[in-house]
Amino acid sequence: MSPLSALLWMIGGGAAFAYWNAARAAAERAGALGRNACQAAGVIWLDQSVHASGLRLCRGEDGWLGFERSFRFEYSHDGIDRHVGRLVLRKGKLVSFVGPVAPPATLVDPH
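Start counting the sequence shown at 65; every next residue gets the next number (our numbering).
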């Protein structure tokens, strides 16, 4: 193996590791966000996991290209029904969320 091909293999391996590491970090962040949203809404977070559902290249607010990762998770109000929640992360920041929301505070009539 020539030194040039060894260098190319190392660069490729480093890039693959960086991609895998970023994907795992995004999945952990999405899991924490989904779990916290379910807890705040008082619903059951099913399967204790999120599932990657999309990946696309997009330009961020800073003008740099980066990945936008979509995830889905499931939750239930009573343990019998199942609902799908979705969230989108861009550079680890939540940019879109569809899922359980906390119930509105009850209004007290002053009369």
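Beta carbons: idealized from backbone N, C-alpha and C, even for Gly.
- In the three-state reduction of the DSSP assignment, residue 116 falls in the strand class.
- In the structure shown, the three-state DSSP call for residue 146 is coil.
- Within the DSSP bridge table, the entry for residue 163 names no partner.
- The Cβ-Cβ distance between residue 164 and residue 114 does not fall below 8 Å.
- Look at the beta carbons and you see the stretch 91-106 touching the stretch 124-138: at least three pairs across the two are nearer than 8 Å.
- Judged by DSSP in its simplified three-state form, residue 125 adopts coil rather than helix or strand.
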